[in-house]
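>
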């Protein structure tokens, strides 16, 4: 028995570090999950290192009402939404400038605390010229139309370097997406101690958008899947497969998502590499029975065996 224990310890000590890391590394709290219609439930996701409450907000369509529900559901520890907004959200990542991804940020800005907004320069330009102006609201940022209230600081992301997120233990690597070409959206690979989750803003499929943005993104993350370092993918499916391709408006359907995931699987060491990988489905548009159709079509065509997760507002996800 003593020899067995010694051998076991020797094997454990010789394993690569990533096998010794806890299975789950991140906490995700959806503040809003839908792609339209319900202004109290639009795209916004808090992400933090598991066990911590220093959050980066991934998009900000709905903020305050999502925080209230998360506190009521005991998914966040906090006195009230205003306190968590000011103290626990350390910054915002904005994937693109559409209202369903920024309205919560803008509306709540008078009650917020000073913090950064991370985005590509093209996205910051939309915030600077269309929203945080004195005609449409007030300029709570450090750039643009004076007077500058300087509550928010614009932090420009690029597709080359990894960006440290102030007040958290997270790093971001940025990738361009196409959301009705040539309009840009953004994906970010979130890193904590070489464990990762991938969040994509709105995106069309490469074949529809006539780009190779997703192909390049899959090339980057395939090795992380092989190394068991990617803890999950958060990606949109806005319409069911019945949606005509000329009316997708830069979004995915279940069929298009599965085609893209098949491309990703082909880049991994084995096509079975994606089996069990958590894939969080975001941005479903709640028109009619679309959400039910999307769920059924994804489940029916899940030949790769990914773990489909359909997020619920104010219900914690551990990745």
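Residue numbers (the working numbering): 7 to 325. Beta carbons: idealized from backbone N, C-alpha and C, even for Gly.
Going along the chain, which residues of its own chain have a beta-carbon closer than 8 Å to the beta-carbon of residue 17, five neighbours each way excluded?
Within the chain shown, residue 17 is the residue found at index 11, counting from 1. Caution is warranted here: a pLDDT of 42 is assigned to residue 17, below 50, making its placement in the model unreliable, and the coordinate value is therefore given only provisionally. None.
> If you drop the 5 nearest sequence neighbours on each side, which residues of the same chain put their C-beta closer than 8 Å to that of residue 324?
Looking up residue 324 in the chain shown gives position 318. Around residue 324: 30, 32, 33, 34, 56.
> Give a yes or no on whether the C-beta atoms belonging to residue 328 and residue 212 are separated by under 8 Å.
With the chain covering 7 to 325 only, the question about residue 328 has no answer from this structure.
> Measuring straight from C-alpha to C-alpha, what distance separates residue 224 and residue 306?
Residue 224 sits at position 218 when you count from the first residue of the chain shown. Residue 306 sits at position 300 when you count from the first residue of the chain shown. So the alpha carbons of these two residues sit roughly 23 Å apart.
> Please report the Cβ distance between residue 109 and residue 48, rounded to the nearest whole angstrom; I am assuming they are in contact, meaning their Cβ atoms lie under 8 Å.
As a first step, residue 109 is located in the chain shown; it is residue number 103 there, counting from the start. As a first step, residue 48 is located in the chain shown; it is residue number 42 there, counting from the start. Rounded, the Cβ-Cβ distance is 7 Å, consistent with contact.
> By Cβ distance, which residues of its chain are closer than 6 Å to residue 173, with the 5 residues on each side in sequence left out?
As a first step, residue 173 must be located in the chain shown, where it is residue number 167. These residues qualify, in order along the chain: 60, 96.
> Can you tell me whether DSSP reads residue 70 as helix, strand or coil?
Reading the chain shown from its first residue, position 64 is the one you call residue 70. If DSSP states are grouped into helix, strand and coil, residue 70 belongs with the helices.
> Measuring alpha carbon to alpha carbon, tell me which of 113, 262, 231 ends up nearest residue 138.
As a working mapping, residue 138 is identified with position 132 in the chain shown. Comparing Cα-Cα distances from residue 138 to each of 113, 262, 231, the minimum goes to 113.
> Measuring alpha carbon to alpha carbon, tell me which of 188, 168, 294, 284 ends up nearest residue 317.
Working through the chain shown from its first residue, we reach residue 317 at position 311. The shortest C-alpha separation from residue 317 is found at 284.
> My understanding is that residue 76 touches residue 111, with C-beta atoms under 8 Å, so please give their C-beta distance in whole angstroms.
Walking along the chain shown from the start, residue 76 turns up at place 70. Walking along the chain shown from the start, residue 111 turns up at place 105. In this structure, residue 76 and residue 111 do not form a Cβ contact; the two beta carbons are roughly 17 Å apart against a cut-off of 8 Å.
> By DSSP, does residue 52 sit in helix, in strand, or in coil?
As a working note, residue 52 is residue 46 in the chain shown. Residue 52: strand per DSSP, three-state reduction.
> Quick check: the Cα distance between residue 310 and residue 252, rounded to an integer number of angstroms?
Position 304 of the chain shown, counted from the first residue, corresponds to residue 310. Position 246 of the chain shown, counted from the first residue, corresponds to residue 252. Taking the straight line joining both Cα atoms gives about 27 Å.
> In this structure, how does DSSP classify residue 225 when only helix, strand and coil are distinguished?
In the chain shown, residue 225 corresponds to position 219, counting from 1. Note: residue 225 maps to helix in three-state DSSP.
> Are the Cβ atoms of residue 42 and residue 291 separated by less than 8 Å?
Numbered from 1 along the chain shown, position 36 holds the residue referred to as residue 42. Numbered from 1 along the chain shown, position 285 holds the residue referred to as residue 291. Yes, they are a contact pair.
> Are the CB atoms of residue 205 and residue 240 within a distance shorter than 8 Å?
For the purposes of this step, residue 240 is taken as the residue at position 234 of the chain shown. For the purposes of this step, residue 205 is taken as the residue at position 199 of the chain shown. The answer is yes: Cβ separation under 8 Å.
> Measure the alpha-carbon distance for residue 282 versus residue 313 and round it to whole angstroms.
Counting from one through the chain shown, the residue named residue 282 turns up at place 276. Counting from one through the chain shown, the residue named residue 313 turns up at place 307. Residue 282 and residue 313: Cα-Cα distance of roughly 5 Å.
> Which whole-angstrom value describes the C-beta separation of residue 191 and residue 183, a residue pair presumed to lie in contact below a C-beta threshold of 8 Å?
On the chain shown, position 185 is the one that residue 191 refers to. On the chain shown, position 177 is the one that residue 183 refers to. Yes, residue 191 and residue 183 are in contact; Cβ-Cβ is about 4 Å, under 8 Å.
> Quick check on residue 166: buried or exposed, where buried means 16 or more other Cβ atoms within 10 Å of its Cβ?
Here residue 166 refers to the residue found at position 160 of the chain shown. Exposed, because fewer than 16 other Cβ atoms sit within 10 Å of the Cβ of residue 166.
> Which of helix, strand or coil does DSSP assign to residue 169?
Residue mapping note: residue 169 aligns to position 163 of the chain shown, counting from 1. Strand, per DSSP.
> Compare the beta carbon distance of residue 269 and residue 259 with 8 Å and say whether it is the shorter of the two.
Taking the chain shown and counting its residues from 1, the one referred to as residue 269 is at position 263. Taking the chain shown and counting its residues from 1, the one referred to as residue 259 is at position 253. Result no, Cβ atoms of residue 269 and residue 259 do not sit closer than 8 Å.
> Rounding to the nearest angstrom, what Cα-Cα distance links residue 131 and residue 273 in this structure?
Here residue 131 refers to the residue found at position 125 of the chain shown. Here residue 273 refers to the residue found at position 267 of the chain shown. Taking the straight line from one Cα to the other gives about 35 Å.
> Can you check whether the CB of residue 99 is closer than 8 Å to the CB of residue 39?
The count along the chain shown starts at 1 and reaches residue 39 at position 33. The count along the chain shown starts at 1 and reaches residue 99 at position 93. No, these two residues do not count as a Cβ contact at 8 Å.
> Ignoring anything shorter than 3 residues, give me the beta strand (DSSP E) runs that lie fully in the region 295–324, in order along the chain.
Fully enclosed beta strand (DSSP E) runs of 3 or longer: 313–315.
> Could you round the C-beta distance between residue 65 and residue 50 to whole angstroms and report it? I think they count as a contact, below 8 Å.
Position 59 of the chain shown holds residue 65. Position 44 of the chain shown holds residue 50. At roughly 5 Å, the Cβ-Cβ gap stays under 8 Å, so residue 65 and residue 50 are in contact.
> If you reduce the DSSP assignment to three classes, tell me which class residue 132 lands in.
Walking along the chain shown from the start, residue 132 turns up at place 126. Residue 132 falls in the helix class under three-state DSSP.
> Assign residue 215 to buried or exposed, taking buried as 16 or more other Cβ atoms, counted over all protein chains shown, within 10 Å of its Cβ.
As a working note, residue 215 is residue 209 in the chain shown. When all chains shown are included, residue 215 counts as buried.
> Please report the distance separating the alpha-carbon of residue 322 from that of residue 143.
Against the chain shown, residue 322 aligns to sequence position 316. Against the chain shown, residue 143 aligns to sequence position 137. Distance between the alpha carbons of residue 322 and residue 143: 32 Å.
> Within 10 Å of its beta-carbon, does residue 78 have 16 or more other beta-carbons around it, so buried, or fewer, so exposed?
As a working note, residue 78 is residue 72 in the chain shown. Burial call: exposed.
> Which two residues bound the contiguous beta strand (DSSP E) that contains residue 335?
No statement about residue 335 is possible, as the shown extent of the chain runs from 7 to 325 and does not include it.
> Just mark residue 266 as buried or exposed, buried being the case when its beta carbon has 16 or more other beta carbons within 10 Å.
Counting from one through the chain shown, the residue named residue 266 turns up at place 260. Its Cβ being crowded by 16 or more others within 10 Å, residue 266 is buried.
> Under 6 Å Cβ to Cβ from residue 261, same chain only, skipping five residues before and after it: list those, please.
Looking up residue 261 in the chain shown gives position 255. Taken in chain order, the residues that qualify are 247.
> As a quick exercise: from 264, 140, 162, 308, pick the residue whose alpha carbon is nearest that of residue 101.
Here residue 101 refers to the residue found at position 95 when the chain shown is read from its first residue. Taking the Cα of residue 101 as reference, the smallest distance to any Cα among 264, 140, 162, 308 is reached at 162.
> Would the beta-carbon of residue 160 fall within 8 Å of that of residue 145?
As a first step, residue 160 is located in the chain shown; it is residue number 154 there, counting from the start. As a first step, residue 145 is located in the chain shown; it is residue number 139 there, counting from the start. No, the pair does not count as a contact, with Cβ atoms beyond the cut-off.
> Sort 229, 126, 230 by Cα distance to residue 189 and report the nearest one.
Your numbering for residue 189 matches position 183 in the chain shown. Closest by alpha carbon: 126.
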